[in-house]
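Data first, discussion second: the structure below is written as structure tokens.
In the numbering used here, the protein residues as written are 48 to 339.
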């Protein structure tokens, strides 16, 4: 994708935190498979990086650091690696700054191809998709190659004229159609599932589409979340339509949602305080996963 960074209009600081509750019995039985990818962040260029007015994303000193200089409730994320369907994503995340008006965590099934080689299967899929319209046009009328040239020219002129008239009529009836279309949410950078915690001791599961962030499991407080300048081990399970969130070895939330079926992994941070926030991520691991 062309954008190497992004911001999602966030709900992370809004609303009242819900009381802690015990998670229900697992909705799915999930088996963890082999390690699909590991990131120790020992070298630059092994995850998405960028420097911007309000934030920097860097691999530095053995960690992946997201530094949000001044918070405004927007999420900054980096993504990388292969496209995964069913997976378990685990990472150690440490808040290194004081203020707790923040959110940070891990993402699965993020749309995009950041860090992927053009030589892989994804490039072949793109080439196939681009070739499909012309192939369909050829097979739709195989007689076209042997048709009379003058008849073909006349048909082309008639088609072009009809298309122009139809376009003019549509524009006259709905002059704002083009501008309305651009305002609709579209799939783009940042689409995917987010498993977030706050320095205040809350957690939640969210789905992002376009620039909209919708809670699947709304903010809930829990003693399982280490508050403030502490480390939390976050584990996101994404298998089929089943999503589950574990923090420091304990499952805290689960939900069923089928919006996305595959994508990359991502790391994300946000701040709502003018002093910003710095989050350091380490030992990111992606496991294959499935159901018995």
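All residues carry an ideal CB built from backbone N, CA and C; glycine is no exception.
Same chain, Cβ closer than 8 Å to residue i, five either side skipped, listed in chain order
| i | result |
| --- | --- |
| residue 339 | 76 and 78 |
| residue 303 | 74, 288, 289 and 290 |
| residue 109 | 87, 88, 89 and 329 |
| residue 130 | 160, 163, 169, 309, 310 and 311 |
Straight-line gap, residue i to residue j (C-alpha atoms, nearest Å)
| i | j | result |
| --- | --- | --- |
| residue 260 | residue 319 | 16 Å |
| residue 254 | residue 128 | 20 Å |
| residue 295 | residue 307 | 26 Å |
| residue 17 | residue 123 | The displayed coordinates of the chain run from 48 to 339. Any statement about residue 17 would go beyond what the structure contains. |
| residue 141 | residue 277 | 6 Å |
| residue 297 | residue 271 | 7 Å |
| residue 243 | residue 94 | 20 Å |
| residue 20 | residue 268 | What the structure shows of the chain is the stretch from 48 to 339, and residue 20 is not part of that stretch, so it cannot be assessed. |
| residue 323 | residue 305 | 33 Å |
| residue 321 | residue 119 | 7 Å |
| residue 237 | residue 257 | 7 Å |
| residue 143 | residue 273 | 13 Å |
| residue 148 | residue 99 | 21 Å |
| residue 327 | residue 264 | 24 Å |
| residue 91 | residue 107 | 7 Å |
| residue 85 | residue 72 | 30 Å |
| residue 145 | residue 275 | 7 Å |
Cβ separation of residue i and residue j, assumed to be a contact under 8 Å, to the nearest whole Å
| i | j | result |
| --- | --- | --- |
| residue 332 | residue 112 | Rounded, the Cβ-Cβ distance is 18 Å, inconsistent with contact. |
| residue 313 | residue 126 | 4 Å |
| residue 117 | residue 101 | 6 Å |
| residue 151 | residue 300 | Contact flag wrong, Cβ pair sits at about 16 Å. |
| residue 241 | residue 138 | Their Cβ separation, rounded to whole angstroms, is 13 Å, which puts residue 241 and residue 138 out of contact at 8 Å. |
Interface flag, residue i vs chain B, CB-CB below 8 Å
| i | result |
| --- | --- |
| residue 76 | Going by chain labels, chain B is absent from the structure shown, which holds only one protein chain. |
Cross-strand partners of residue i (DSSP beta bridge)
| i | result |
| --- | --- |
| residue 324 | 115 |
| residue 144 | Looking at the DSSP assignment, residue 144 forms no beta bridge with any residue, so it has no partner. |
| residue 334 | 82 and 135 |
| residue 291 | 284 and 301 |
| residue 307 | Note: residue 307 sits in no beta bridge, so no partner. |
| residue 317 | 122 and 150 |
| residue 97 | 104 |
| residue 329 | 139 |
| residue 110 | 107 |
| residue 312 | 127 |
Unbroken beta strand (DSSP E) run spanning residue i, endpoints
| i | result |
| --- | --- |
| residue 249 | 249-256 |
| residue 339 | Run containing residue 339: none; DSSP gives neither H nor E here. |
| residue 153 | 149-157 |
| residue 259 | 259-268 |
| residue 243 | 239-244 |
| residue 276 | From DSSP, residue 276 is part of no beta strand (DSSP E); its letter is neither H nor E. |
| residue 104 | 102-107 |
Cut-off 6 Å between Cβ atoms - residues of its own chain near residue i, not counting five sequence neighbours on either side
| i | result |
| --- | --- |
| residue 335 | 80, 81 and 83 |
| residue 337 | 78 and 133 |
| residue 284 | 77, 135 and 291 |
Other residues of its chain near residue i: CB distance less than 7 Å, five sequence neighbours each side excluded
| i | result |
| --- | --- |
| residue 239 | 154, 155, 156, 157, 158, 255, 307, 310 and 313 |
| residue 286 | 75, 77, 133, 336, 337 and 338 |
| residue 115 | 101, 102, 123, 316, 317, 318, 323 and 324 |
| residue 279 | 140, 244, 272, 273, 294 and 295 |
beta-carbon residue i near the ligand FAD non-hydrogen atom, thresh 7 Å
| i | result |
| --- | --- |
| residue 73 | The model depicted lacks the ligand FAD and carries no ligand whatsoever. |
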